[in-house]
Amino acid sequence: MDSMQTVGRLKGSLFQLFLIFITWLFSFQDVLALQSLVEPNHVSSTSELANPPSNGLFEPIEISPAVLPHYPNPGEPLPPWYPTFPTTYEPNLTGRCPVNFSVISSIMDKTASDCAQPMAAIVGNVICCPQLSSLLHIFLGYHSMTSGKLVLQNAVANDCFSDIISILTSRRANNTVPTICSVKSLNLTGGSCPVKDVTSFEKTVNTSKLLDACSTVDPLKECCRPVCQPAIMEAALQISGTQLTINENKKTVGGSNHIDALNDCKGVVYSYLSSKLSADAANTAFRILSACKVNKVCPLNFKQPPQEVIKACRNVAAPSPSCCSSLNTYIAGIQNQMLITNKQAIICASLLGSMLRKGGVITNIYELCDVDLKDFSCQEAFEQQEGCLLRSFPADVLFDNSTGYSFTCDLTDNIAAPWPSSSSMSTLSLCAPGNSLGKDDLYIYFFLLAVKLKWDDGYVITFSFYVQILIATTDFAEMSLPALPTSQTLKNPGCRGCALEVLVPIFSFFVFGALWY
């Protein structure tokens with residue numbers, strides 16, 4: 001039995017090595033980085049190219065940094081989105097918060113940068129608010145190290161919350177982040193959770209199990225095959241007292257009181273984790289968990305339903321100026337709400353498409369009107385690019401006195417927006433069926449690869465033959481797929497078949513290697 005498991009692992013390893021190789025072969029990216037040169041409280045009128053970032057094989061397609069646009073005429077009035085950079089200053093604190101903020105200064109700096117004054121609202125859903133939430137958990141964790149309490153009393157919570165916002169604002173953060181992120185001092189009190197101190201928590205919860213699950217969170221697996229999230233929920237159920245009720249009634253507990261208590265207790269669990277992990281480790285884990293949450297929904301507000309688009313596009317079967325104009329106008333009205341991630345864009349495009357199909361628009365008007373995923377994300381901040389999608393992994397906004405604000409965009413290609421197959425918007429999952437990689441995923445991946453490389457049908461058929469042999473002999477339940485090559489790496493059309501001529505003998509090696517084992 002052990003030998004069979006070993007054989008499976010060897011086959012999977014060979015296949016994964018092959019995936020890495022073919023992706024690496026086409027993953028040399030020409031990445032440009034535009035930077036805005038600034039001094040404190042001064043808008044620069046010059047720009048320069050930055051050094052391209054280094055890539056890993058499994059990292060997303062990147063443009064880094066995507067920064068504020070360049071305006072060559074400083075005498076002209078700047079558009080509202082283009083900011084000036086305020087100087088930092090010493091905050092005026094209450095003096096009544098029993099925490100030494102210097103011990104979490106690096107996390108405070110990161111949060112201030114992620115919630116920077118000019119862009120907090122536009123990156124709030126994906127960057128600013130998840131980082132602010134993480135900061136509050138880490139703050140409570142450090143407080144518990146000296147007090148033994150995982151939350152604060154109401155009066156102290158008011159003072160500490162005020163100090164936190166004052167410090168962030170003094171470091172160039174937007175002073176409206178509590179409103180943007182819907183947080184308040186009550187978030188530091190534990191609310192209606194009955195367990196609020198370390199001793200009671202450790203008596204109630206299997207802390208070893210919790211720490212084992214959450215000390216290191218895998219960003220590639222946690223969202224689809226969660227380990228830390230169910231451990232946090234189990235601990236929250238235990239300390240909320242809800243677990244006993246569920247066991248007794250044999251059914252899910254209802255009522256807003258139970259839900260509120262459970263959410264409050266999840267915050268207490270986060271505080272405990274913060275007290276046991278380093279600030280950086282806790283912040284990394286919490287940001288990954290937040291990414292799993294925000295990438296499950298579309299954060300854009302759609303007008304229900306888009307009657308103008310439905311009326312103009314209901315009976316079209318070919319490109320129609322009136323239909324496309326109506327659709328583009330509608331999308332323009334929602335796209336500048338915020339920057340969203342690539343996964344959120346897929347969900348937003350599917351949601352809007354379902355609304356249109358429900359109204360009678362059957363034809364794929366995204367294809368007819370050349371609607372891309374990036375069209376659903378903010379456009380107005382970019383001069384050199386047509387919009388930006390953020391990566392689905394946690395990202396940060398960076399600031400320094402020489403380069404200004406910058407962040408990383410994902411998906412340099414114009415990826416077509418997906419048109420839904422029906423009008424019913426069921427829960428859209430971006431995970432493989434059964435939370436594992438399946439054969440269909442591999443076939444789709446290789447098909448997309450062939451499209452990216454613009455192979456002729458003959459090349460695709462030959463390549464598919466080898467793919468089928470390799471898939472039939474491979475155990476790939478725990479595999480992940482590398483990012484597809486970008487259009488930037490495919491600029492040389494002089495040898496379209498050369499890739500296949502190189503890959504066939506190498507592919508044969510992997511196939512026969514898998515068969516040999």
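First residue of the sequence shown: 1, per full-length UniProt numbering; consecutive thereafter. From the three backbone atoms N, C-alpha and C, an ideal C-beta is built for every residue, glycine too. Just so it is clear, the structure is predicted and the values come from calculations on it, not from any experiment.
Endpoints, the alpha helix (DSSP H) within which residue i is located
i	result
Phe161	154-170
Asp212	207-214
Ser106	105-114
Leu430	Here Leu430 belongs to no alpha helix (DSSP H), and DSSP marks it neither H nor E.
Ile180	177-181
Met232	It should be noted that the sequence gives Ile, not Met, for residue 232. Residues 228-240.
Where residue i sits in the DSSP three-state scheme
i	result
Tyr89	coil
Phe393	coil
Thr341	strand
Ala317	coil
Asp370	coil
Ala417	coil
Ala173	strand
Met355	helix
Ala349	helix
Gly124	helix
Gln379	coil
Gln307	helix
Ser275	helix
Residue from the options whose Cα sits closest to the Cα of residue i
i	options	result
Val156	Leu132, Leu140, Arg171	Leu140
Leu93	Leu339, Met145, Ile138, Ser170	Ser170
Gly360	Ile415, Cys129, Pro306	Pro306
Tyr89	Leu168, Tyr366, Val195, Leu186	Leu168
Ser106	Ser278, Asn187, Lys184, Glu202	Ser278
Asn158	Asn174, Pro418, Tyr142, Leu136	Leu136
Val397	Pro230, Asp114, Ala416	Asp114
Ser275	Ser102, Ser421, Asp197, Ile415	Asp197
Cys313	Cys298, Pro299, Tyr330	Tyr330
Ala332	Val294, Gly404, Gln379	Gln379
Tyr122	Ser271, Thr341, Glu234, Pro226	In the sequence as presented, Tyr is not what sits at residue 122; that position holds Ile. Checking every option, the nearest Cα to that of Ile122 belongs to Thr341.
Asn100	Lys203, Asn328, Ser208, Met145	Met145
Start-to-end residues for the beta strand (DSSP E) that takes in residue i
i	result
Thr204	Thr204 -> not in any beta strand (DSSP E); alpha helix (DSSP H) instead, spanning 198-204.
Asp280	Here Asp280 belongs to no beta strand (DSSP E); instead the alpha helix (DSSP H) covers 279-294.
Thr94	Here Thr94 belongs to no beta strand (DSSP E), and DSSP marks it neither H nor E.
Phe139	Premise fails: Phe139 lies in the alpha helix (DSSP H), 129-147, not in any beta strand (DSSP E).
Gly404	404-410
Leu398	398-400
Buried or exposed by the 16-neighbour rule on C-beta atoms within 10 Å, applied to residue i
i	result
Ile259	exposed
Glu222	buried
Gly148	exposed
Ser117	For clarity, residue 117 is Gln in the given sequence; the question names Ser instead. Buried: at least 16 other Cβ atoms inside 10 Å.
Arg172	buried
Met355	buried
Asp280	exposed
Gln304	exposed
Gly95	exposed
Gly236	Correcting the residue type first, residue 236 is Ala in the shown sequence and not Gly. With 16 or more other Cβ atoms within 10 Å, it is buried.
Asp218	exposed
Those residues which DSSP pairs with residue i across a bridge
i	result
Ala332	BP columns for Ala332 are empty, so no partner.
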